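By the UniProt record's numbering, the letter at position 199 of the sequence shown is numbered 199, and the numbering carries on one by one without gaps. Using N, Cα and C, we set each Cβ at its ideal position, and we do this for glycine too. For clarity, every value in this text was computed on a predicted model and none was experimentally measured. Notes for the one structure printed next.
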Amino acid sequence: MRGAVLYAPGDVRVEERADPEIIEPTDAVIRLTATCVCGSDLWPWRGVDEVRDQPMGHEYVGVVEQVGDEVKNIKVGDFVVGSFFASDNTCEICQAGYQSRCVHAELMNNIGTQAQRARVPLADGTLVATPGMPEPDLIPSFLAASDVLGTGWFAAVAAEAGPGKTVAVVGDGAVGLLGVLAAKQLGAERIVVFSRHRDRQELAVEFGATDIITERGDEGVAKLKELTGGLGAHSVIEAVGTQESMMQAIRSTRPGGHVGYVGVSHGVELPGEELFFSGVHLHGGPAPVRRFLPELMRLIWDRKINPGKVFDLELPLEEAAEGYRAMDERRAIKVLLRP
Ligand SMILES: [Zn+2]
1 MRGAVLYAPG DVRVEERADP EIIEPTDAVI RLTATCVCGS DLWPWRGVDE
51 VRDQPMGHEY VGVVEQVGDE VKNIKVGDFV VGSFFASDNT CEICQAGYQS
101 RCVHAELMNN IGTQAQRARV PLADGTLVAT PGMPEPDLIP SFLAASDVLG
151 TGWFAAVAAE AGPGKTVAVV GDGAVGLLGV LAAKQLGAER IVVFSRHRDR
201 QELAVEFGAT DIITERGDEG VAKLKELTGG LGAHSVIEAV GTQESMMQAI
251 RSTRPGGHVG YVGVSHGVEL PGEELFFSGV HLHGGPAPVR RFLPELMRLI
301 WDRKINPGKV FDLELPLEEA AEGYRAMDER RAIKVLLRP
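Below, the structure written as structure tokens:
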């Protein structure tokens with residue numbers, strides 16, 4: 001089969017990879033309908049994370065081709081969505097809603113879903129099937145549910161977005177934008193997005209943003225305080241993962257408020273004394289997307305939400321390298337790849 005492999009910073013190639021096989025009796029093999037490039041794929045692509053000739057990709061939707069002997073709920077022919085962490089969905093951590101930290105969690109990055117086919121471990125726990133084959137125009141939205149929608153949704157839940165709340169969103173990538181959509185669905189009263197890009201501002205407004213702040217860092221915080229009577233937001237979504245974005249999120253939050261942080265942390269160090277006196281709640285980490293998949297897939301199937309709009313560039317899998325470049329240069333918000 002064909003699949004993307006990263007050899008060195010900036011050097012991603014689509015080449016022949018071994019066809020996946022059932023290894024454990026709890027595995028499934030799927031044929032991918034669509035996959036995509038994640039903002040987090042850019043960390044190794046830029047050389048910020050170590051690169052070691054690795055298969056790439058962790059977002060996926062597709063049709064089940066094979067299941068192991070112990071798979072009971074997922075059947076050959078099902079259209080399925082899964083998260084970037086395979087999980088059993090039965091251990092105590094999963095049952096508490098933290099499937100991304102399942103005691104048997106397996107990172108799909110190590111399998112590499114920017115490919116024509118993929119092995120999915122713990123298929124019964126990991127995968128959720130649609131009621132039937134989705135209409136083609138719904139595919140991008142189901143693909144978004146695999147990571148960016150589920151991650152944005154978790155960030156909004158972790159930040160306790162809800163009725164009467166002012167929610168601020170740091171980061172205008174796909175996760176931040178879908179954090180806006182989630183905050184809107186959860187009933188937030190006011191949603192403020194920090195963004196300097198016209199196309200992203202427009203999509204944010206379409207998803208439910210009420211205010212845009214173009215300043216960032218402490219200037220952005222000052223603007224947000226102006227909008228909120230000097231108090232800051234009740235709920236702040238952090239969707240970048242840098243020192244600047246994390247401090248912007250904490251400083252944008254009013255005392256007693258909540259930060260939901262989902263940007264993969266890179267070199268973030270929190271000053272203890274400032275954190276102490278901020279009086280904010282911090283909750284986040286790798287999103288337990290699996291917790292939200294049934295609800296999000298229902299909203300997509302019923303056409304209540306359209307998160308697939310974050311894909312503003314679609315390429316054949318063979319042109320994955322151009323997809324990485326387009327996202328790195330911010331020519332695209334998120335790139336869908338057709339295997
Ligand atoms: Zn588990």
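With a threshold of 6 Å (Cβ to nearest heavy atom), would residue i be considered close to ligand 1?
i, result
"Asp-88", "yes"
"Cys-91", "yes"
"Cys-38", "no"
Quick check on the burial criterion: 16 or more other C-beta atoms within 10 angstroms. Buried or exposed for residue i?
i, result
"Asn-89", "buried"
"Ala-222", "exposed"
"Lys-75", "exposed"
"Phe-277", "exposed"
"Val-103", "exposed"
"Gln-95", "exposed"
"Glu-226", "exposed"
"Ile-111", "buried"
"Asp-302", "exposed"
"Ile-300", "buried"
"Ile-23", "exposed"
"Arg-119", "buried"
Less than 6 Å between C-beta atoms, sequence neighbours within five positions excluded: which residues of the same chain meet that for residue i?
i, result
"Gly-241", "Gly-263, Val-264, Ser-265, His-266"
"Gln-54", "Leu-6"
"Phe-84", "His-58, Met-108, Asp-147"
So, under 8 Å CB-CB, residue i and residue j are touching, yes? Tell me the CB distance rounded to an integer number of Å.
i, j, result
"Val-37", "Tyr-261", "Incorrect: roughly 22 Å between the Cβ atoms, too far for contact."
"Leu-181", "Ile-305", "6 Å"
"Leu-313", "Pro-339", "Rounded, the Cβ-Cβ distance is 16 Å, inconsistent with contact."
Output needed for residue i: all residues of its chain with C-beta closer than 7 Å, excluding positions within five of it in sequence on either side, in chain order.
i, result
"Glu-322", "Leu-315"
"Gly-47", "Pro-9"
"Ser-245", "Val-170, Gly-171, Glu-238, Gly-263"
"Gly-97", "Pro-288, Arg-291"
"Glu-215", "Lys-223"
Among residues of its own chain, excluding the 5 on either side of residue i, which ones have a beta-carbon nearer than 8 Å to its beta-carbon?
i, result
"Glu-189", "Pro-163, Gly-164, Lys-165, Thr-166"
"Leu-178", "Ala-144, Val-148, Leu-149, Thr-151, Gly-152, Trp-153, Phe-207, Pro-307, Val-310"
"Gln-155", "Per the sequence presented here, residue 155 reads as Ala, with Gln not at that position. Excluding residues within five positions, the ones whose Cβ falls inside 8 Å are Val-175, Gly-179, Ala-182, Ile-237, Glu-238, Ala-239, Gly-260, Tyr-261, Val-262, Gly-284, Ala-287."
"Arg-17", "Met-1, Arg-2, Gly-3, Val-5, Pro-55, Gly-112, Ala-115"
"Val-268", "Gly-241, Thr-242, Gln-243, Met-246"
Any chance the CB of residue i is under 6 Å from a heavy atom of ligand 2?
i, result
"Ile-212", "Here the bound small molecules are ligand 1; ligand 2 is not part of this structure."
* Asked: For the stretch 252 to 260 against the stretch 231 to 238, are there 3 or more C-beta pairs whose distance is under 8 Å?
  -> For the pair of segments examined, the stretch 252 to 260 was found to touch the stretch 231 to 238: the number of CB pairs separated by less than 8 Å reaches three.
* Would you check if there are 3 or more beta carbon pairs closer than 8 Å linking the stretch 159 to 166 to the stretch 128 to 138? => No: fewer than three Cβ pairs fall under 8 Å.
* Asked: Just checking, does the stretch 177 to 191 make contact with the stretch 203 to 212 on the three C-beta pairs under 8 Å criterion?
  -> Contact between the stretch 177 to 191 and the stretch 203 to 212 is present, because at least three Cβ pairs lie under 8 Å.
* Can you find at least 3 beta carbon pairs, one from the stretch 61 to 71 and one from the stretch 24 to 36, that sit closer than 8 Å? -> Per the Cβ contact rule, the stretch 61 to 71 is in contact with the stretch 24 to 36 (3 or more Cβ pairs under 8 Å).
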